[in-house]
Structures are given as structure tokens and as C-alpha cells.
Amino acid sequence: LQLGLISDHGRLPDGVKTLSESFAEAGFRTAAFSASPYVTEQFGFARGFESFAEFYRDPLYVRQGRRASLILERAGEWLAKQPPDQKLFAYLHLREPHQPYDPLFPWSAAFQPPANSSSATGENSWILGIEDRRRLPTQEDIARIHAYYRGGLFFADSMVGLLLDELRRSGRLESTLLVVISDHGEA
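Following this note's numbering, the numbering of the sequence shown begins with 116 at its first residue and continues without gaps.
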């Protein structure tokens, strides 16, 4: 299936049926919780969702450092309001791990190499400086940035773990199909 969306100026064509529309037609309650600036109503991705929450501009989300925890909290609130026998389709788009690589403690320190004198951070200025060759990183710089990335990856994993805990607690885990995908990989 090719949609023809090759830039950030396109929109999902109206004639394309979305997964959420299919689920809604089959009697599922549908909700989306997106941290992506591209998976938005503006780009046509809200079709078929009863509830569509965009977080990337949400002041609380931005103030908290764009953390998946707020998305999981809101998704958990939606889940708690649903009848136990109701079929559900929820789309959660987490941003971690993504530039900037700035995981919370303890993940920020978990993978840092010992005795590393690098001042590198996972901030965009560091990453973009390497990408456009304004900054020539040392092996220590690369090791430190990789450690921040891995910390973000493990933070995201812990957030998915919290989601699984909530599904287990609510009695929905056994009837849940969890699909984990990535829009791109940086590892």
C-alpha cells in the first residue's frame, strides 16, 4: 500500500481507509494518544478515532520534557472509563527514544561508561553538530550519546511495562493484542 506521503506537507488521502476506521466499523471504541507532530488531525490521521489526543504541543507535555508517562496516564484514564466487555482499539505513539536523548534518572546514568570525560549530551545541538559535520566527536562523545539513547530506549520499555501492568490490573491483558512498531530506528 502506497499513500504517496513523502514529505511533512502531505495529508492522508480521503479515499484511504484507516485501521481505526475499520476497527470503529467493527464495533470497537477507538482512541489515539500521539506524541508525533506528524500523526495528527492536520495530516488526516484522526479519522476513525472517537478520541484523538495530540501531545506534541500540549503545554503540560512540553513542560514535563515530552515524557511518555503523560501519554500513558491519559491512555490509562481512557481505558478505566471503558466497560470491561467493550472491544477497544488504542493507538499510543511515544516519542522515546528520540532526539533529544534526555532520559530521566536513573535511565540517564544507567549506561554511561565509567571514567568518561566527554561533555557530550543527547541534546539536539550535539547531534545536529555531528550530523552536519560542525562537530567531530571523539569515541568518548559517541559512547556518552549512545548511553543517553539506550537510557531513553529503556525508559520507553519501562513505560510499556506500566501499560502492561495496567492491562493486567484491569483484567484486559489476556484479551489484548499489543503491537509495538517503530517509525524509524536510530540504534
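Every residue, glycine too, gets a C-beta built ideally from N, C-alpha and C.
If you drop the 5 nearest sequence neighbours on each side, which residues of the same chain put their C-beta closer than 6 angstroms to that of residue i?
i, result
"Trp241", "Ala235"
"Glu238", "Pro215"
"Tyr171", "Ala150 and Pro152"
Helix, strand or coil for residue i, going by three-state DSSP, please let me know.
i, result
"Ala258", "helix"
"Glu169", "strand"
"Ala205", "strand"
"Ser149", "strand"
"Arg248", "coil"
"Arg265", "helix"
"Arg283", "helix"
"Arg189", "helix"
To the nearest angstrom, report how far apart residue i and residue j are at their CA atoms.
i, j, result
"Gly159", "Arg126", "6 angstroms"
"Ile260", "Phe143", "42 angstroms"
"Ala271", "Ile257", "21 angstroms"
"Arg181", "Trp193", "20 angstroms"
"Leu251", "Ser233", "12 angstroms"
"Ala205", "Glu281", "14 angstroms"
Ordered along the chain, which non-local residues of its own chain (more than five positions away) have a Cβ less than 8 angstroms from that of residue i?
i, result
"Glu165", "Ala139, Arg144, Thr145 and Ala146"
For residue i, collect the residues of the same chain with a Cβ closer than 7 angstroms to its Cβ; drop the 5 residues on either side in sequence, then sort them by chain order.
i, result
"Ser269", "Note on identity: in this sequence residue 269 is Phe, with Ser being the wrong assignment. Correct list, in chain order: Trp222 and Ala225."
"Phe167", "Ala147, Glu156 and Ala161"
Exercise. Can at least three beta-carbon pairs, one atom from the segment 186–200 and one from the segment 123–138, be found at a separation below 8 angstroms?
Worked result: Result no; under three Cβ-Cβ pairs closer than 8 angstroms.
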